[in-house]
Amino acid sequence: QCMLQDIGSNVATPVSSARKSHLKRTAFDEHPVLELEQWIDEYCNQLPPLTSFILPSGGKSSASLHLARAVCRRAERCVLPIVEAGEADLNVAKYLNRLSDYLFTVARYAASTEGNQETIYTKNIDEPHHTKQ
124 QCMLQDIGSN
134 VATPVSSARK
144 SHLKRTAFDE
154 HPVLELEQWI
164 DEYCNQLPPL
174 TSFILPSGGK
184 SSASLHLARA
194 VCRRAERCVL
204 PIVEAGEADL
214 NVAKYLNRLS
224 DYLFTVARYA
234 ASTEGNQETI
244 YTKNIDEPHH
254 TKQ
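Under my numbering, the sequence shown has 234 at position 111, and the numbering climbs by one with no breaks.
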């Protein structure tokens with residue numbers, strides 16, 4: 124939660140108009156990104172490798188984590204133009220990207236530890252496409 128607050132502070136402090144003291148106080152460095160990557164690796168090592176796309180599933184805990192991941196991806200898409208314009212630290216976008224990957228990984232881990240099955244995505248080619256008329 125604190126990291127998300129730090130991200131909000133960084134995004135709310137535009138590089139082009141903020142005082143140097145504010146920029147220094149709201150800087151978002153790479154350490155939290157690297158920490159998330161370590162956590163992702165630790166959980167991935169306890170899971171079978173992915174061979175197919177999976178749908179948000181795997182029980183209540185897993186589904187809740189998949190929902191949080193979707194919200195995180197939306198936040199990443201909203202922040203990306205601000206980062207690309209140079210008004211926020213690049214590490215903010217990196218962190219949100221890695222956070223969504225972390226949430227995906229722990230959703231899989233939750234499903235696994237709770238003994239729930241993940242739903243594999245399969246394209247239904249027999250079903251006709253519906254169009255609005």
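We treat Cβ as the ideally placed atom computed from N, Cα and C, and that holds for glycine.
These numbers come from a predicted model, not from an experiment.
field: Cut-off 7 Å between Cβ atoms - residues of its own chain near Thr228, not counting five sequence neighbours on either side
entry: In the sequence shown, counting from the first residue as 1, residue 228 sits at position 105. Non-local beta-carbon contacts of Thr228 in its own chain, meaning distances under 7 Å to residues more than five positions away in sequence, involve Ile163, Tyr166, Cys167 in chain order.
query: For Thr242, does the count of other Cβ atoms within 10 angstroms reach 16, so buried, or fall short, so exposed?
result: Looking up residue 242 in the sequence shown gives position 119. Classification of Thr242: exposed, given that the 10 Å Cβ count is below 16.
message: Just to confirm the assignment, what range does the alpha helix (DSSP H) spanning Leu146 have?
response: Translated into positions along the sequence shown, residue 146 becomes position 23. Membership of Leu146 in the alpha helix (DSSP H) is indicated by the continuous run 143-149.
- request: Output the boundary residues of the alpha helix (DSSP H) element that contains Gly131.
  value: Here residue 131 refers to the residue found at position 8 of the sequence shown. Counting along the chain, the alpha helix (DSSP H) containing Gly131 begins and ends at 125-134.
task: Report the option in Pro155, Ser144, Val202 whose CA atom is closest to the CA atom of Cys125.
output: Locating residue 125 in the sequence shown gives position 2, where the first residue counts as 1. Considering only alpha carbons, the answer is Pro155.
- request: Kindly confirm or deny that the stretch 216-234 and the stretch 196-206 touch, where touching means at least three C-beta pairs closer than 8 Å.
  value: Yes: the two stretches touch, three or more of their Cβ pairs being nearer than 8 Å.
task: Identify, in the order they occur along the chain, each residue of the same chain with its Cβ nearer than 6 Å to the Cβ of Ser83, setting aside the five sequence neighbours on each side.
output: Past the edges of the chain, shown from 124 to 256, lies residue 83, and the structure says nothing about it.
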